[in-house]
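Everything below concerns the one structure shown next.
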Amino acid sequence: MARFTDSAAQAVADVKDGATVLIGGFGAAGQPVELIEALLEQGSTGLTVVNNNAGNGEVGLAALIGAGRVAKMICSFPRQSDSQIFDAAYRAGKVQLELVPQGTLAERIRAGGAGIGGFFTPTGYGTPLAEGKETRVIDGRGQVFESPIRADVALVKALTADRLGNLVYRKTARNFGPVMAAAAEHAIVQVSNVVDVGGLDPEVIVTPGIYVDTVVEIPHPSAPVSA
Amino acid sequence: MNSTDTPLAKADLAALVAGDIETGSFVNLGIGQPTLVADHLTPEQHVTLHTENGMLGMGRAAVGDEIDPDLINAGKIPVVENPGAAYFHHADSFAMMRGGHLDVCVLGAFQVSVRGDLANWSTGAPDAIPAVGGAMDLAIGARQTWVMMTLFGKDGTPKIVTDLTYPATGVTCVSRVYTPEAVFLVDPETGLSVRETHGPSIDELSERMGLELRPT
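These protein sequence lines map, in sequence, to chains A and B. If you're matching positions, the first sequence starts at 137 in this note's numbering and goes up one per residue. If you're matching positions, the second sequence starts at 616 in this note's numbering and goes up one per residue.
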């Protein structure tokens, strides 16, 4: 059952060195800014981070990479106009990169949470990103085998939680949140508000509380960094 | 052959693409030049736009008080939602793409081969940091993948080629190529043909592109 903490610092206190951490968000939308900042303070290192991007500007994930705490990034789109911290760390050989097509990234995480041992997808077939991977022709179409991603921890931002950890999101800030919450041993969620049990319509709950381990209420989350 | 005397301007090319989209289609417009297509879709077309970060029914760019950091498109530009919009998570968004539920995807490109292979994610420069985003999923996901690009690079090099020299985004996935000088169709059986020209004749294009072109 979901545990509620009073601060982002308490929420991320148990993240261990070498952990694999899923971080939600697509650009600014859905970025769990306070949880990322708390992880930066918390000090765990040698992390493998899974996010669509590899940090923007100087704060959040970029700051975590800049502080030398990320050993490996698994992402679809690391290079952006303001990804200078990742770029420098990558060129200096301080961070490894596993580049994954965006839909394959989402499906690998979904598979991780769903107990699927991998899947064949047409995405990437015949391209450099399929090199070294098992391929098959299925129904006349070339497909590439992709393995699931599971993680020790997920950091996710949602709009509202009830006291059982059931979640609803807001607009395109939903993005990777639901699949990441399901694919982590320990899903940590920051929400803008918490309501009593019964306060969410069961028909509109997006992430059932079974996937959620820790919730922290951050009533006025920072304006996320632009991307 | 529906020809004009001069190559099409960007807006006219976008209007041509928009006009070719069937009524009631679900469409994804790639980042860059393809986003211009949205400006030329008419309400009567009832086209629903998909954005891969989790939305159907995407509206125009947001302005002023409409700007909401939780409501952006795949290019991370704030947008508005149209009536009847729906939100879903990333895995569902790419499932609907990969699963062939989108009718058309319009993408930019560095190169397209005569078989419809697409290169639009990397120039293959050895020192570049690679980034792919949703390009490979978009290339192979929709029922039809259309490319919208200039026909020639800045140095005059043709961008429709016998074999890709840039790294592939997808193979045999492009069915149409819209360029200012001509619209090309790519058939998996019969290969490349020219549906219409704007400016140069088919013979002139064959010469400049180093390909033996034929009308559709």
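Every residue, glycine too, gets a C-beta built ideally from N, C-alpha and C.
Smallest Cα separation from residue i: which of the options?
| i | options | result |
| --- | --- | --- |
| P368 (chain A) | A:V231, A:R205 and A:A203 | Chain A is shown only over 137 to 363; residue 368 (chain A) falls outside these bounds and no answer can be derived. |
| T738 (chain B) | B:V721, B:V762 and B:G768 | B:G768 |
| H655 (chain B) | B:P803, B:I744, B:G669 and B:G674 | B:G674 |
| T156 (chain A) | A:V331, A:Q167, A:V169 and A:C211 | A:C211 |
| A629 (chain B) | B:L779, B:V786, B:M751 and B:W761 | B:W761 |
| S790 (chain B) | B:P773, B:H704 and B:R810 | B:R810 |
| Q759 (chain B) | B:T619, B:N643 and B:A624 | B:N643 |
| A746 (chain B) | A:A266, A:P237 and A:S143 | A:P237 |
| F312 (chain A) | A:G262, A:N189, A:S328 and A:F256 | A:N189 |
| E170 (chain A) | A:P264, A:V292, A:P338 and A:R272 | A:V292 |
| P649 (chain B) | B:E659, B:E637, B:A633 and B:F641 | B:A633 |
| L766 (chain B) | B:T794, B:T780, B:A724 and B:I636 | B:T794 |
| Q220 (chain A) | A:A323, A:N329, A:N302 and A:V195 | A:V195 |
| G179 (chain A) | A:Y226, A:D349 and A:V151 | A:V151 |
| A743 (chain B) | A:I245, A:R227, A:T296 and A:D288 | A:R227 |
What number of angstroms, rounded off, separates the C-alpha of residue i from the C-alpha of residue j?
| i | j | result |
| --- | --- | --- |
| A149 (chain A) | V342 (chain A) | 26 Å |
| T657 (chain B) | M209 (chain A) | 42 Å |
| G639 (chain B) | A165 (chain A) | 29 Å |
| G268 (chain A) | G254 (chain A) | 16 Å |
| D298 (chain A) | L197 (chain A) | 28 Å |
| G825 (chain B) | V719 (chain B) | 29 Å |
| N187 (chain A) | G160 (chain A) | 6 Å |
| A320 (chain A) | A290 (chain A) | 5 Å |
| A653 (chain B) | D680 (chain B) | 22 Å |
Near residue i, what residues of its chain come up, given a Cβ to Cβ distance below 8 Å and the 5 sequence neighbours on each side ignored?
| i | result |
| --- | --- |
| E366 (chain A) | The requested residue 366 (chain A) does not occur in the structure, where chain A is confined to residues 137 to 363. |
| L200 (chain A) | I172, L175, L176, L183, V185, G191 and V206 |
| M785 (chain B) | Going by the sequence as given, residue 785 (chain B) is Gly instead of Met. Around G785 (chain B): D732, L733, M751, A754, I755 and T760. |
Closer than 6 Å by C-beta to residue i: which residues in its own chain qualify, once you throw out the five before and the five after it? Chain order, please.
| i | result |
| --- | --- |
| G814 (chain B) | T621, P622 and E796 |
| P782 (chain B) | S737 and G739 |
| G699 (chain B) | G672 |
| G690 (chain B) | I646 |
| G154 (chain A) | G182 |
| A363 (chain A) | With a pLDDT of only 45 at A363 (chain A), under 50, the local geometry of the prediction cannot be trusted, and the value read off the model is given with reservation. These residues qualify, in order along the chain: G163, A164 and N192. |
| V792 (chain B) | V727, V762 and F799 |
| A318 (chain A) | G249 and Y347 |
| F222 (chain A) | A190, G191, I201 and P214 |
Please list the terminal residues of the continuous beta strand (DSSP E) segment that includes residue i.
| i | result |
| --- | --- |
| F162 (chain A) | Where F162 (chain A) is concerned, there is no enclosing beta strand (DSSP E), given that its DSSP letter is neither H nor E. |
| S728 (chain B) | Q726 to S728 |
| F213 (chain A) | Where F213 (chain A) is concerned, there is no enclosing beta strand (DSSP E), given that its DSSP letter is neither H nor E. |
| F641 (chain B) | F641 to L644 |
| A145 (chain A) | Where A145 (chain A) is concerned, there is no enclosing beta strand (DSSP E), although the alpha helix (DSSP H) it sits in stretches over A144 to A147. |
| R139 (chain A) | R139 to T141 |
| M764 (chain B) | M764 (chain B) -> no beta strand (DSSP E), and no H or E assigned at all. |
Who are the neighbours of residue i on chain E, taking C-beta pairs under 7 Å?
| i | result |
| --- | --- |
| E811 (chain B) | Annotation note: the requested chain E is absent from the structure, which comprises protein chains A and B. |
Taking 7 Å as the cut-off, is the C-beta of residue i nearer than that to any heavy atom in the ligand PLP?
| i | result |
| --- | --- |
| E796 (chain B) | Ligands displayed in this structure: none; no statement on the ligand PLP is therefore possible. |
What distance in whole Å lies between the Cβ atoms of residue j and residue i, which are believed to be in contact at a cut-off of 8 Å?
| i | j | result |
| --- | --- | --- |
| A242 (chain A) | F709 (chain B) | 5 Å |
| R823 (chain B) | P773 (chain B) | 7 Å |
| P258 (chain A) | G278 (chain A) | 7 Å |
Output the boundary residues of the alpha helix (DSSP H) element that contains residue i.
| i | result |
| --- | --- |
| E819 (chain B) | I817 to M824 |
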